[in-house]
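Student: Its first residue numbered 274, the sequence shown is counted upward by one per residue in our numbering. Have a look at the structure that comes next, please.
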Amino acid sequence: MSDSNSRRPERTGPKQTGAKQTGEGRLPGDPDRETLVERMIRVDHAGELGAARIYAGQLAVLGKHPVGDTIRHMAEQEKKHLAAFDALIVERRVRPTLLSPVWNAAGFALGAATAAMGEKAAMACTVAVEDVIQEHYAHQSEQLGEDEAELRDLIDEFRADEIEHKETGLAHDAEQTPGYRVMSEFIKAGSRAAIWLSTRI
Ligand SMILES: [Fe+2]
Ligand SMILES: [Fe+2]
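Put into structure tokens, the structure is as follows:
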């Protein structure tokens, strides 16, 4: 998967003075660079936990359904994303969100409940959640500079996966779910609230 954000010009030559730095253009009152990165890792770790649990909930209901293997593939990718942020939490000494137990339960419940409504509803949940996450990753990627190139590349890579998950959901007729708009907006609002909370708590 490639998207415009993952392609960057090669950085050669000794002159690095103009390189973009993390948190450039911060306003007075905005968190400092270190806090900014710490918050990113905390919220991304929480988000990947939530995503892994949503797919686990979906698999608990639809695991043996014909769509089970498609969901399993996405679940495997979420496990990789989560493992990467698990490692970063330790490496960068970031305190995980205090809300992990909530996302653990809420993610699974959301995945299982939508899957119980049927394959299309499960896919509608996937489309809504992945759209919020890919947007969130795009915003983070923009804030990260050359001093955090490794983290930025990881986020770009995961964002490409999330976009793929969203497209998989759309390809499985997510939009044909009865009440799609309402359901989608409800899940998106919940996902954005979870992001806001996990950044801070
Ligand atoms: Fe993910
Ligand atoms: Fe995903």
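Think of the CB as a built atom: it goes at the ideal place given N, C-alpha and C, for glycine as much as any other residue.
1. Would you list, in sequence order, the uninterrupted alpha helix (DSSP H) runs of no fewer than 4 residues that lie entirely inside the segment 286 to 354?
2. Between residue 394 and residue 457, is the Cβ-Cβ spacing less than 7 Å?
3. Would you report the Cα separation of residue 386 and residue 440, rounded to the nearest angstrom?
4. DSSP on residue 374, reduced to helix/strand/coil?
5. Would you say residue 319 and residue 370 are within 7 Å of each other, going by their C-beta atoms?
6. Please determine, among 299, 294 and 322, the residue with the shortest C-alpha to C-alpha distance to residue 468.
7. With three or more beta-carbon pairs closer than 8 Å as the criterion, would you say the segment 358 to 367 touches the segment 306 to 315?
8. Excluding sequence positions up to five away, which residues of its chain have a Cβ less than 8 Å from the Cβ of residue 389?
9. According to the Cβ coordinates, are residue 294 and residue 420 closer than 7 Å?
Tutor: Let's see:
1. Listed in chain order, the alpha helix (DSSP H) runs fully inside the segment 286 to 354 are 306 to 335, counting runs of at least 4 residues.
2. no
3. 21 Å
4. helix
5. yes
6. 322
7. A contact exists between the segment 358 to 367 and the segment 306 to 315.
8. 334
9. yes
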